[in-house]
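Under my numbering, the first residue of the sequence shown is numbered 306, with each subsequent residue one higher.
In what follows, a structure is listed as structure tokens, so that the remarks can point back to it.
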Amino acid sequence: MKPAALPAMPFAPVRQFGAPLLALFAILVGMAVPGFVSAVDGSVAKAMILPAVLLLVMLLVASRVLLLTGILLLRAFCDVFFDATRISLGGTQIGVGFLVNVFIIMIALLLVIEKPKLLPKKMFLLWVPLLLCGLGAVIMAPSKADALRAYLAQLSYCAVFVSAFYVVRTPDDFKRCARIVLYSSVLPLIYGLVDIAIKGGVHGPNGARLQSTFAHPNIYAFYLTLVIGLGFYILKSDTYKLAQRERVGLSAYLALLFAMLALTQTRSAWIACGALFLGYGLLFERRYLIYMLVVPLLALLIPDVRDRVLDLGAGNEVKLYAKLNSFAWRLYIWESGLNWMRPSHYLFGYGLESFQFYSPTFFPLAGKTHFGAHSMYVQWLFELGAIGTLACLWVYGRVMWTLKGMVTVNRLGAFVLIVMMLQYLIVSASDNMSAYLAFNWYFWFVLGSGCALLAHGAPTKEGV
């Protein structure tokens, strides 16, 4: 059955205000050009900012859904290029990545203005406490520029989640969104393979850890965990009706993604990915339990994997000049940061990005480096306090409770989405998950798609 086309979106506000908005935009661009030319300073990459803005504006006017789809297809490939486009304006570094972030927020805003009834109030209101706490944390923050950047990132996660309600209205739309996220992994995979071939192995700023087009191996690893989960869902869901050739091709592609995940050497992502297949074996196909016994043993035969696992057994004590393993280092910085907090800040924290700002003050191993918390929960407590932490937990708990309603109509889909949330919450204990912009867009878009499917009418078991 041919998938239904995505519903056309109304453009009444654009027709009414399009000409004045475009005129205002043209005036602002004209005013910014002299400063922009000075900031570019002859760099071709930086000069691409203005054409990128013009393209984004035209697509925003033409079709918000098309622009959102294009961003999701390409965003995983863009970090490696966005860094080269940064320019300094007023002491703040901005580039194409920042502009895309702003446009993601604008897409959601325009979609809601055009058709507010498509977005259930409870799905937006669940974000309100967190956004209000975040706004207060910007005001309290020691570095306003960094705090504002972090707040815009959080706002963009909400925007992607909300936008999913305007993209997904039918089971076919949901399946198409899963494909979009899967297709977004093709370019990073090709880039990673080419990089390995050119360098004769895995070599990068983080040692022998693959990061492909992402800023850090951990981000690529968590992104791969998400994509592998969706790809596995497509492979196992009868509703996709894959031909035998497509099944073989998708299985081979997932095997390549597994290899990339192993090369990132991100242990928490390995555990999260293993939890998906362990849960699937317990609830759906018991033979996967055998795979879960065999695959880790085979993985330990790979020297890099074995060394990465054994690294946890050394360097667990804090001694002067001793080298800590990554877990012991994390425990030390968490203990240092939380012990440094004053009782007067327990409720509301120190403000967004304050952990990184103050880390040279309270962390003995920091030197002059501003380290992040390496734990989303520690970061919440330090920066947002107890009130903000409860607001954050409310978002995740409410979304998970909503997705629970999918169990009766699509058991496999509900399992994959809920496990994705659990994976996220597990790895957040030891990483700065909320800072990984591109990954979070895909994460919240997928969760929003699942919630949107339920909100627009529970599908039949055959429909998802």
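By construction, the Cβ of each residue, glycine as well, lies at the ideal position given by its N, Cα and C atoms.
Please read these numbers as outputs of a predicted model, since none were measured by experiment.
Per DSSP, the bridge partner or partners of residue i
| i | result |
| --- | --- |
| G509 | G512 |
Residues of its chain near residue i, where Cβ-Cβ distance is below 8 Å and the 5 sequence neighbours each way are ignored
| i | result |
| --- | --- |
| L361 | L372, L404, V405, F408 |
| R635 | H679, S680, S735 |
| L377 | I485, V486, S489, W746, Y747, F750 |
| T674 | S664, P665 |
| V342 | Here V342 scores only 46 on pLDDT, less than 50, and its place in the model should not be relied on; the value that follows carries that caveat. Correct list: empty, nothing qualifies. |
| L652 | G690, A691, I692 |
Nonlocal neighbours in the same chain, by C-beta distance under 6 Å from residue i, ignoring five residues either side
| i | result |
| --- | --- |
| L440 | none |
| Q516 | G509, P522, Y525 |
| A604 | V610 |
| L752 | V704 |
| P425 | A760 |
| F527 | A574, F744 |
| S641 | F667, F668 |
| I595 | none |
| K449 | none |
| I399 | none |
| Q459 | G439 |
Cβ neighbour criterion (16 or more within 10 Å) applied to residue i
| i | result |
| --- | --- |
| W706 | exposed |
| V499 | exposed |
| Y741 | buried |
| G549 | For clarity, residue 549 is Gln in the given sequence; the question names Gly instead. Exposed, since its Cβ has fewer than 16 Cβ neighbours within 10 Å. |
| G654 | buried |
| T713 | exposed |
| R454 | buried |
| A442 | buried |
| N715 | buried |
| A560 | exposed |
| R591 | exposed |
| E658 | buried |
| T258 | With the chain covering only 306 through 769, there is no way to say anything about residue 258. |
| F479 | buried |
| S754 | buried |
| L430 | exposed |
Separation of residue j from residue i, as counted between CA atoms
| i | j | result |
| --- | --- | --- |
| L416 | L759 | 19 Å |
| Q684 | A678 | 6 Å |
| F382 | V553 | 25 Å |
| S468 | V358 | 21 Å |
| G506 | D736 | 26 Å |
| A580 | G586 | 10 Å |
| D612 | M411 | 46 Å |
| F466 | A671 | 36 Å |
| F668 | F660 | 10 Å |
| L435 | A464 | 13 Å |
| G536 | F387 | 27 Å |
| C482 | L423 | 18 Å |
| Y729 | T694 | 16 Å |
| L531 | Y456 | 24 Å |
| W432 | G702 | 11 Å |
| I576 | M363 | 43 Å |
| I638 | G656 | 18 Å |
| G402 | T390 | 8 Å |
| L379 | H650 | 41 Å |
| D451 | L598 | 45 Å |
| F632 | R369 | 43 Å |
| L568 | M726 | 24 Å |
| L583 | F563 | 15 Å |
Coarse secondary structure for residue i, derived from DSSP in three states
| i | result |
| --- | --- |
| R484 | helix |
| A367 | helix |
| G677 | coil |
| C756 | helix |
| T571 | coil |
| A502 | helix |
| F387 | helix |
| R454 | helix |
| F653 | coil |
| I731 | helix |
| W699 | helix |
| W432 | coil |
| K546 | coil |
| R474 | coil |
| G690 | helix |
| E640 | helix |
| Y741 | coil |
| V714 | coil |
Cutoff 7 Å; reference residue i; Cβ partners in own chain excluding five residues on either side
| i | result |
| --- | --- |
| M646 | F687 |
| V385 | T518 |
| G497 | L515, S517, M565 |
Check: residue i C-beta below 8 Å from any heavy atom of the ligand GTP
| i | result |
| --- | --- |
| A757 | In the structure on display, the ligand GTP does not appear, and there are no ligands present to speak of. |
Test: residue i CB closer than 9 Å to a CB of chain C
| i | result |
| --- | --- |
| G375 | Judged by its chain identifiers, the structure shown contains no chain C, having just a single protein chain. |
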